[in-house]
């Protein structure tokens with residue numbers, strides 16, 4: 289019995305420990321932290337990251353059932369280029385929240401983005417945020 293407990297204790301002491309809050313809150317460069325086309329591992333998720341890129345208002349969707357201060361609404365999510373990403377891969381970024389679905393063309397989305405962020409969709413910008421895994425089924 290004690291042999292089994294000793295083995296268990298040793299295995300626990302050498303197991304990979306979860307990352308600390310300080311580690312996940314320290315921003316790292318996206319292209320050095322995550323590789324597109326590869327499944328995101330748990331030690332990559334929830335990390336604060338940054339990258340330089342541009343936002344494409346023509347590739348914007350509204351994601352339902354998102355809560356902001358107790359109110360249910362929609363996220364505004366656009367595709368963003370990532371400078372230095374292999375294969376010119378893009379990443380979706382959530383940049384806004386609206387209480388109700390909006391009908392808007394790409395010019396109106398660009399205007400809304402610029403009004404809410406103070407940044408131009410035509411200029412490269414440094415984007416900072418939390419890297420989270422997708423919510424859909426995985427292969």
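In this note's numbering, the protein residues as written are 289 to 427.
We put the beta carbon where it would ideally sit given N, CA and C, even for glycine.
From a predicted model like this one, the values you see are computed outputs, not experimental measurements.
- The beta carbon of residue 405 sits closer than 7 Å to those of 383, all from its chain and outside the five residues before and after it, given in chain order.
- Distance from the CA atom of residue 366 to the CA atom of residue 306, rounded to whole angstroms, is 31 Å.
- In this chain, the alpha helix (DSSP H) harbouring residue 320 covers 318-321.
- DSSP, read as helix, strand or coil, puts residue 368 in strand.
- For the set 318, 370, 323 and 400, the Cα lying nearest the Cα of residue 337 is the one of 318.
- Within the segment 368-405, the complete alpha helix (DSSP H) segments of 4 residues or longer fall at 394-405, listed in chain order.
- Within a 10 Å sphere around the beta-carbon of residue 414 sit fewer than 16 other beta-carbons, which makes this residue exposed.
- Beyond the five residues adjoining it in sequence on each side, residue 349 comes within less than 7 Å, by CB distance, of 365 in the same chain, given in chain order.
- Taking C-beta atoms under 8 Å as the contact rule, residue 346 and residue 362 fail to qualify, at a distance of about 18 Å.
- One thing to note: residue 409 has its Cβ within 8 Å of the Cβ of residue 398.
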